[in-house]
Amino acid sequence: MIQIFTKTNELKKHLTQLKNGGKIIGFAPTMGALHNGHLSLIAQSNNQCDITASSIFVNPTQFDNKEDLVKYPDTTRKDITILDAKGTDILYLPTVEEVYPDGTKPTIDFDFGYLTTIAEGAYRAGHFEGVAQIVSILLDIVTPHKIFMGQKDFQQCALVHQLIRFKQIDTEIVVCPIIREADGLAMSSRNMRLGDQEREKAIILSQALQWVKKNYANANIADLEEQAKTMINETEFCKADYIEIRDRTTLKPIADNSIKDNVVVLGAAYVGTVRLIDNMIIF
Ligand code: AMP
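For the sequence shown, the working numbering assigns the number 1040 to the initial residue and increments by one for each residue that follows.
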């Protein structure tokens, strides 16, 4: 039976007892509106750890667009039932005041430099500062042995890797594969906001990334990125923010397509008013 904690102190006390008893703690933080992508993180944690903890917290500090925050889907009661059914042991379900007793001002002292200036960072001012802030707070509270995160948010995973290095903690980050709908659309809580016709067209983002992967050897990097954006922009309701081919570790641009190791293509596009991200590993 899932145990729900709204108070940080009570959660910490419970986790300390479990850790003192030798339990390995896995943690999968979420913003709720759960789908099979989230549940794949829970499943991996259940496989690798004794205790699976999750959190549902829509973190206000990572939303550069306040309308996106207001419209973020809230299905908490259903989420709890699903988490329970999937064998989650602990759910942290705090209020904003509980997480930010001193207010939601930026508090992160770490400088992520380049990582936060490109791709999502370039389009969403302050987003990664907010992500780093909340993940840092959650890591301090839960101190898990492993944190489970989705490759869907590729740049976020890179940031959390760096955050863990900065904090010099022993938590291991486990990056889990992207779970997709049958037609290839990456699962996302934001997909719920797509109208029927938009939902149909939204597959162009994953198709454009797939096209880049398939044609990587046949064109130069700039042309691949440009043509993938054109594919998206020529689709009804859709507008590309970026398509970028990058090194999987440093996220630096790839000089040319003779590089056949450690390459990813990252993409973001609007479908109607809903902004979606996706990525595909090329090598
Ligand atoms: P979110 O609730 O969007 O903050 O996501 C919580 C966690 O679930 C993050 O680590 C995401 O990367 C992960 N996640 C979201 N969508 C997917 C997906 N389609 N496949 C795998 N993991 C995902």
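Glycine included, C-beta positions come from ideal geometry on N, C-alpha and C. Computed from a prediction, not measured in an experiment: that's the story for all the values here.
Item	Value
Cβ-heavy atom distance, S1227 to the ligand AMP, below 7 Å	yes
Rounded distance between the beta-carbons of T1127 and I1041, thought under 8 Å	5 Å
Simplified DSSP assignment, three categories, for F1044	strand
Distance cut-off 7 Å: P1068 Cβ against heavy atoms of the ligand AMP	yes
As assigned by DSSP and simplified to three states, the class of N1318	strand
Integer Cβ distance of D1295 from I1260, believed to fall under 8 Å	6 Å
The ligand AMP heavy atom lying under 7 Å from the CB of G1166	In the sequence as presented, Gly is not what sits at residue 1166; that position holds His. No.
The region 1188 to 1208 / the region 1228 to 1235 touching (three or more Cβ pairs under 8 Å)	no
Residue nearest to P1099 in terms of C-alpha spacing, selected from D1300, G1306, H1166	H1166
Check: S1079 C-beta below 7 Å from any heavy atom of the ligand AMP	yes
Identity of the residue in I1293, R1116, G1306 nearest F1322 by Cα	I1293
Local Cβ density within 10 Å of N1075, reported as buried at 16 or more and exposed below that	exposed
I1095 versus Q1083, Q1087, T1114, residue with shortest Cα-Cα distance	T1114
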